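Participant:
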Amino acid sequence: MCLQKGHAFCSDLGTDFATWSNQTPLPRPESFKESWEHFKRALELLYLKDIEEARSLLERYPGMAEREWFDIHAQNSGEWRRKALKKSAPAFTGSLDPNKDFSKYLNTILARDNYRCRYCSHTVLPRKTLLAMHTSLGEDVFPLGLKNSEMSGFYLVLCATLDHVVPHSLGGRTDEQNLVTSCWPCNYGKMNYTLEQIGLEDPRTRAPLPLELPIEILSVVSNAR
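The sequence shown begins at 508 in my numbering and counts up one residue at a time.
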């Protein structure tokens, strides 16, 4: 639920369209760069099976700011953009793809896109990796509750998913041409709007960035036991 309901605009986006990103619904705060570096180190420690040191590190950097940003701003950014730009959804009279489930494409597309969100370019992690961190580090250090307020902020901002660039509800196909890797903030922020409705460029026109971390670190699940 948007915690800024009743406001005239999103304080993170601001009211000046000229300052808005045309690549991602809402850029991550610069302050997150430091905590991301610590999180990457925790992943490396898990890969090395140094669970106690990884726990100690994430106890100092629990991702609370990430959780607050996702909950208050990121997941609703597309709605704020659409309201401000006043773009209506295009008329659609075609047929929907009977398959909306992208699960069979997930691993292929994550690899194709080098585990980077095609909107904001941030590295994302497979859900199984994040679940393995939860198992290894414990609920107190890496919580995964049923509500956003009960989950690690790192899970909320790093979990990998796929996005239909052309929304499925407007005839977008569930195939490798229309699906791109996305983080939760960009996926939730984009919602089921078209790129034009929220003022974004087509992410498929930009080549995926290189892998930021070795694949064995991104898939630390096999070593985090």
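Every residue, glycine too, gets a C-beta built ideally from N, C-alpha and C. Since this is a predicted model, take the numbers as computed values, not measurements.
What three-state label does DSSP hand Val664 in the structure shown?
Facilitator: helix
Participant: Determine contact between the region 632-641 and the region 567-586, defined as no fewer than three beta-carbon pairs at a distance below 8 Å.
Facilitator: no
Participant: To test your reading of the DSSP string, which unbroken alpha helix (DSSP H) runs of 4 or more residues are found completely within the region 516-578?
Facilitator: 539-554, 558-567
Participant: For Tyr626, which option in Ala667, Ala596, Leu720, Ile724 has the closest C-alpha, if you only look at C-alpha atoms?
Facilitator: Ala667
Participant: Give the DSSP-derived three-state secondary structure of Thr688 in the structure shown.
Facilitator: strand
Participant: With a cut-off of 8 Å on the beta carbons, I'd call Arg680 and Asp604 a contact; round off their distance for me.
Facilitator: 5 Å
Participant: Span of the alpha helix (DSSP H) holding His641?
Facilitator: Run containing His641: 634-644, per the alpha helix (DSSP H) assignment.
Participant: Which residues in the same chain as Ser676 place their Cβ atom closer than 7 Å to its Cβ, once the five residues preceding and following it in sequence are excluded?
Facilitator: Closer than 7 Å at the Cβ level, and outside the excluded window around Ser676, lie Asn699.
Participant: Quick one: grab the DSSP three-state call for Arg713.
Facilitator: coil
Participant: Can you tell me whether Glu573 is buried or exposed? The criterion is at least 16 other CB atoms within 10 Å of its CB, across all chains shown.
Facilitator: buried
Participant: So what does Leu651 bridge to, in DSSP terms?
Facilitator: Leu651 is bridged by DSSP to Met658.
Participant: Keeping to the same chain, check which residues put their C-beta closer than 8 Å to that of Tyr546; ignore five residues upstream and five downstream.
Facilitator: Contrary to the premise, residue 546 reads as Phe rather than Tyr in this sequence. Counting only Cβ-Cβ distances below 8 Å, and skipping sequence neighbours, we find Leu565, Tyr568, Gly570, Phe661, Leu665.
Participant: Mind checking Gln704: buried by the 16 CB within 10 Å criterion, or exposed?
Facilitator: buried
Participant: Helix, strand or coil: which one does DSSP assign to His675?
Facilitator: helix
Participant: Using beta-carbon positions only, say whether Pro633 and Leu725 come within less than 9 Å of one another.
Facilitator: yes
Participant: Check Arg623 in the structure and name its three-state DSSP category.
Facilitator: strand
Participant: Return the Cβ separation of Thr630 and Glu719 in integer angstroms, given the expectation that the two are a contact with Cβ distance under 8 Å.
Facilitator: 5 Å
Participant: Go ahead and label Gln684 buried or exposed: buried means 16 or more other beta carbons lie within 10 angstroms of its beta carbon, across all protein chains shown.
Facilitator: exposed
Participant: Where DSSP assigns a beta bridge to Leu669, which residues make up the other side?
Facilitator: Bridge partners of Leu669: Thr688.
Participant: Do Pro532 and Pro650 have their C-beta atoms within less than 9 Å of each other?
Facilitator: no
Participant: With distance defined between alpha-carbon atoms, name the residue in Ser584, Gln530, Ala549, Asp557 nearest to Gly521.
Facilitator: Ser584
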